[in-house]
Amino acid sequence: MLKTLIEAFALISTWEVIIAMFAASVYGLVIGSLPGLSATMATALLVPVTFYLSPIAAIATIVAASSMAIFSGDIPGALLRIPGTPASAAYADEAYAMTRKGQAELALGAGVWFSAVGGIAGVLSLMILAPPLAEIALSFSTFEYFWLALLGLMCATLVARSSPVKAIAGMFIGLLVSCVGIENPGGVPRFTFGLTDLFGGIEPIPALVGVFAVAQVMRAMLTPEPPPLPRRKFGSIMAGQWKLTKKYHWQMTRGNIVGIIIGVLPGAGADMAAWVSYAMSKRFSKEPEKFGTGHVEGLVEAGASNNASIASGWVPSLLFGIPGDTIAAIAIGVLYMKGLNPGPTLFTEKASSMYAIYLMFIIANILMIPLGIAMIRVAAYILLAPRSTVMPIIMLCCAVGSFAIGNNMFGVVTVAAFGVIGYVMEANGYPVAAMVLGIVMGTMVEQAFVTSLIKSDGSILPFFERPVAAILAAMAIGALLWPVMVWVWRKLKPVQTAAATSR
Amino acid sequence: MRLPDSVTGSFLVVLGAAAAYGGWLLPPVPGQPVGPNVFPLVIGSGLALCGLAIVFGIGHSFEEEEELIPLEDGQAAAPSPPQGKLYGLRALLPPALLLFYVVAADRLGFIITAALMVYVTSTALGAKWKLALPLAALSPFAIHLIFGKLLRVPLPAGLLPTPW
Numbered sequence: 001m002l003k004t005l006i007e008a009f010a011l012i013s014t015w016e017v018i019i020a021m022f023a024a025s026v027y028g029l030v031i032g033s034l035p036g037l038s039a040t041m042a043t044a045l046l047v048p049v050t051f052y053l054s055p056i057a058a059i060a061t062i063v064a065a066s067s068m069a070i071f072s073g074d075i076p077g078a079l080l081r082i083p084g085t086p087a088s089a090a091y092a093d094e095a096y097a098m099t100r101k102g103q104a105e106l107a108l109g110a111g112v113w114f115s116a117v118g119g120i121a122g123v124l125s126l127m128i129l130a131p132p133l134a135e136i137a138l139s140f141s142t143f144e145y146f147w148l149a150l151l152g153l154m155c156a157t158l159v160a161r162s163s164p165v166k167a168i169a170g171m172f173i174g175l176l177v178s179c180v181g182i183e184n185p186g187g188v189p190r191f192t193f194g195l196t197d198l199f200g201g202i203e204p205i206p207a208l209v210g211v212f213a214v215a216q217v218m219r220a221m222l223t224p225e226p227p228p229l230p231r232r233k234f235g236s237i238m239a240g241q242w243k244l245t246k247k248y249h250w251q252m253t254r255g256n257i258v259g260i261i262i263g264v265l266p267g268a269g270a271d272m273a274a275w276v277s278y279a280m281s282k283r284f285s286k287e288p289e290k291f292g293t294g295h296v297e298g299l300v301e302a303g304a305s306n307n308a309s310i311a312s313g314w315v316p317s318l319l320f321g322i323p324g325d326t327i328a329a330i331a332i333g334v335l336y337m338k339g340l341n342p343g344p345t346l347f348t349e350k351a352s353s354m355y356a357i358y359l360m361f362i363i364a365n366i367l368m369i370p371l372g373i374a375m376i377r378v379a380a381y382i383l384l385a386p387r388s389t390v391m392p393i394i395m396l397c398c399a400v401g402s403f404a405i406g407n408n409m410f411g412v413v414t415v416a417a418f419g420v421i422g423y424v425m426e427a428n429g430y431p432v433a434a435m436v437l438g439i440v441m442g443t444m445v446e447q448a449f450v451t452s453l454i455k456s457d458g459s460i461l462p463f464f465e466r467p468v469a470a471i472l473a474a475m476a477i478g479a480l481l482w483p484v485m486v487w488v489w490r491k492l493k494p495v496q497t498a499a500a501t502s503r
Numbered sequence: 001m002r003l004p005d006s007v008t009g010s011f012l013v014v015l016g017a018a019a020a021y022g023g024w025l026l027p028p029v030p031g032q033p034v035g036p037n038v039f040p041l042v043i044g045s046g047l048a049l050c051g052l053a054i055v056f057g058i059g060h061s062f063e064e065e066e067e068l069i070p071l072e073d074g075q076a077a078a079p080s081p082p083q084g085k086l087y088g089l090r091a092l093l094p095p096a097l098l099l100f101y102v103v104a105a106d107r108l109g110f111i112i113t114a115a116l117m118v119y120v121t122s123t124a125l126g127a128k129w130k131l132a133l134p135l136a137a138l139s140p141f142a143i144h145l146i147f148g149k150l151l152r153v154p155l156p157a158g159l160l161p162t163p164w
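So the protein lines, in turn, are chains G and S. Going by full-length UniProt numbering, the first sequence runs without a break in its numbering and finishes at 503. Going by full-length UniProt numbering, the second sequence runs without a break in its numbering and finishes at 164.
In structure tokens, the structure reads:
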């Protein structure tokens, strides 16, 4: 244990890692603070850069950039009422109300402080949960993996803030995308339409860049520019945070726990965590009437929650290759490329790398406090950059980055195509996150499914025979039936009430 | 680009059916009951079923109308930009530019293609030429410095090689 820890320290204390982490932090803070550029997009655009870094430095950039971007989305939320990332949308109104009351420092300070605390709570959950789960997962056969993957996919559709049918459709589209190529059980070209470029399949990373970055530029084409930020002088940002921590320690802990749980659930990420925690905070508050008028309580809980989900989203990603959220989906892509293939053996064979990931998360969250304060102070200048200068650069990065993934122009075509797909899906209420999950998990789902089918030799019984498989199967089927039950219940309820009044 | 559910649903039915059929046509692995055809078959059928459900409006009651995007909230008062018939097509500009990059980069070289892309995107987002022109002149060099020089991505030189 101690030896691995020392090894992990040695891994991260190289100049490459330190510089990569610092640069990625600044990058994440800037991208996160610009409205319309999300944390996922920041991470997706980083991927081409990570190719040229060592595995640990590559992961460091992702860890740092995603944590910072989730916090810095609070800044325009508080100052402009425009959330920088969707994860800050839940409480942007509240934070803005505080700014109008002259408490901008308190609101932003709470953002930094409770984000950092939440992030560290998330890492602790990763450290505590992952190794014992890895023990259990070592005994998993393909049946368990199949049900687990199915459960993951179903979770993503359950938590989507949209019609579950559309979410399932989105997931199927993603799985269909993963079918392309010759990497299938028969090794035959499948859905390649004779194009050699498609033989290798559709790479997840350009698809993600397209869905998250290009689609965003496309939306920007049709939406008006956000107003510039009024310049203001800030007082002490961290003043009063300790008092808040003591006063709202229970809310903070609850936010952390909710964030961790939502992060672990596949497909549900920081934005979901923030919405749920904010609603929970209001529901259980002693003074719910203050919510919406510039009350810090909800900010504490939701801020603690969305950052906690970032680290805990890595738990299923590292263990099973099932992404906890869209950022983790990108991280999985990078892990595969860097030879750190997700799986329970990662924790035994590459233990030092795992410890290095924990350490980097902790460092990133500590680093968030000074860098975050600095960012708040310069935010007014950064937010002066008009969209018409930022978006073209994003476009260039998309083009060059997707080319760099395989030094192949086909990557650029993929990015463009998925930009259109992501844009159309989003505009019509199909959750993009479900599709992303399908793309990332497709190969694994198919492998587990086909191997299980071959092993079971046509019988359906082995899918339920092993105890863990049976439990996972029950959960997955329950998740599948849940929307149906809710739907039936909703249909029955008006009938009942109508019957009650007629009596 | 908000299409009626019946349109997107029908499209999914067709896509799913095509995938299932395409999967069904794939050659099986000799001596094995399951091969590369099973998974597309399952997914295609599932997708087609979902499409059917969407056409018939099942699950529509779960959709939270527009609550997803409080982003636009503060700007509702702002005068909406002129919206002609072609206005919606502006959204297709970014993917079109990327395809332009694919076609042109090898011939024109990275710097020229990138400059054109930046200029067009920037202008389309409302920048005046005073801003768009310097941006288009400088940003390709910056990106080339990062990707071409530092990260060694082989960007095409084309007509205008970079000074480094």
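Built from N, CA and C at the ideal position, the CB exists for glycine as well. Quick caveat: nothing in here was measured; it's all calculated off a predicted structure.
Would you kindly work out how many angstroms separate the C-alpha atoms of residue i and residue j, rounded to a whole number?
i: G:Thr253; j: G:Ala308; result: 10 Å
i: S:Tyr44; j: G:Val436; result: Here residue 44 of chain S is Gly; the residue named in the question, Tyr, does not match the sequence. Computed Cα separation, rounded: 17 Å.
i: S:Arg2; j: G:Val440; result: 27 Å
i: G:Asp74; j: G:Trp242; result: 19 Å
i: G:Gly200; j: G:Asn407; result: 14 Å
i: G:Lys190; j: S:Pro134; result: In the sequence as displayed, the identity of residue 190 of chain G is Arg instead of Lys. Cα-Cα distance, rounded: 47 Å.
i: G:Arg244; j: G:Met425; result: The sequence as given places Leu at residue 244 of chain G; Arg does not occur at that position. Their Cα atoms are separated by approximately 41 Å.
i: G:Met360; j: G:Val450; result: 37 Å
i: G:Ile19; j: G:Ala64; result: 11 Å
i: G:Gly333; j: G:Ala302; result: 28 Å
i: G:Ala213; j: G:Pro462; result: 43 Å
i: G:Leu168; j: S:Asp5; result: A small correction: the amino acid at residue 168 of chain G is Ile; Leu does not occupy that position in the sequence shown. Taking the straight line from one Cα to the other gives about 15 Å.
i: S:Pro40; j: G:Val315; result: 29 Å
i: S:Phe11; j: S:Gly51; result: 7 Å
i: G:Ile373; j: G:Val112; result: 7 Å
i: G:Asp271; j: S:Pro27; result: 44 Å
i: G:Ile136; j: G:Tyr145; result: 12 Å
i: G:Ser54; j: G:Val117; result: 28 Å
i: G:Phe347; j: G:Ala404; result: 31 Å
i: G:Val217; j: S:Phe147; result: 21 Å
i: G:Ser178; j: S:Gly35; result: 16 Å
i: G:Gly174; j: G:Val432; result: 9 Å
i: G:Ala57; j: G:Phe9; result: 13 Å
i: G:Glu349; j: G:Val123; result: 20 Å
i: G:Pro483; j: S:Val13; result: 21 Å
Locate the alpha helix (DSSP H) running through residue i, then write down its first and last residues.
i: S:Val14; result: Asp5 to Leu25
i: G:Pro185; result: Neither: G:Pro185 is in no alpha helix (DSSP H) and is coded neither H nor E.
i: G:Arg100; result: Ala92 to Arg100
i: G:Asp74; result: Asp74 to Leu80
i: G:His249; result: His249 to Val264
i: G:Pro370; result: Ala351 to Ile382
i: G:Asp271; result: Ala270 to Phe284
i: G:Tyr27; result: Trp15 to Ser33
i: S:Asp106; result: Leu93 to Leu108
i: S:Val55; result: Val38 to Val55
i: G:Ala427; result: Met409 to Ala427
Can you say whether residue i is buried or exposed, counting buried as having 16 or more other CB atoms within 10 angstroms of its CB?
i: S:Gly109; result: buried
i: G:Trp147; result: buried
i: G:Met1; result: exposed
i: S:Leu155; result: buried
i: G:Trp204; result: Residue identity differs from the one stated: residue 204 of chain G is Pro in this sequence, not Trp. G:Pro204 is buried by the Cβ-count criterion.
i: G:Gly77; result: buried
i: G:Thr14; result: exposed
i: G:Asn365; result: buried
i: G:Asn306; result: buried
i: G:His249; result: exposed
i: G:Met485; result: exposed
State the beta-bridge partners of residue i as determined by DSSP.
i: G:Arg190; result: G:Gly181
Using a beta-carbon distance cut-off of less than 8 Å, what residues from the stretch 371-402 of chain G approach chain S?
Pro386, Arg387, Ser388, Thr389, Met391, Pro392, Ile393, Met395, Leu396, Cys397, Cys398, Ala399, Val400 and Gly401
Positions along the stretch 177-207 of chain G whose CB lies within less than 7 Å of some CB in chain S
Cys179, Asn184, Pro185, Gly186, Val188, Arg190 and Phe191
With 9 Å as the C-beta to C-beta threshold (strictly closer), list the residues of the stretch 318-344 of chain G near chain S in chain order.
none
Mind checking the stretch 85-102 of chain S against chain G and listing, in chain order, the residues whose C-beta falls within less than 9 Å of any C-beta there?
Tyr87, Gly88, Arg90, Ala91, Leu92, Leu93, Pro94, Pro95, Ala96, Leu97, Leu98, Leu99, Tyr101 and Val102
Name, going along the chain, the residues of the stretch 31-44 of chain S whose beta-carbon falls closer than 7 Å to a beta-carbon of chain G.
Gln32, Pro33, Val34, Gly35, Pro36, Val38, Phe39, Pro40 and Ile43
Using a beta-carbon distance cut-off of less than 7 Å, what residues from the stretch 429-446 of chain G approach chain S?
Gly429 and Glu446
Taking only beta carbons into account, state which residues of the stretch 407-432 of chain G come closer than 8 Å to chain S, listed in chain order.
Asn407, Met409, Val412, Val413, Val415, Ala416, Ala417, Gly419, Val420, Tyr423, Val424, Ala427, Asn428, Gly429 and Tyr430
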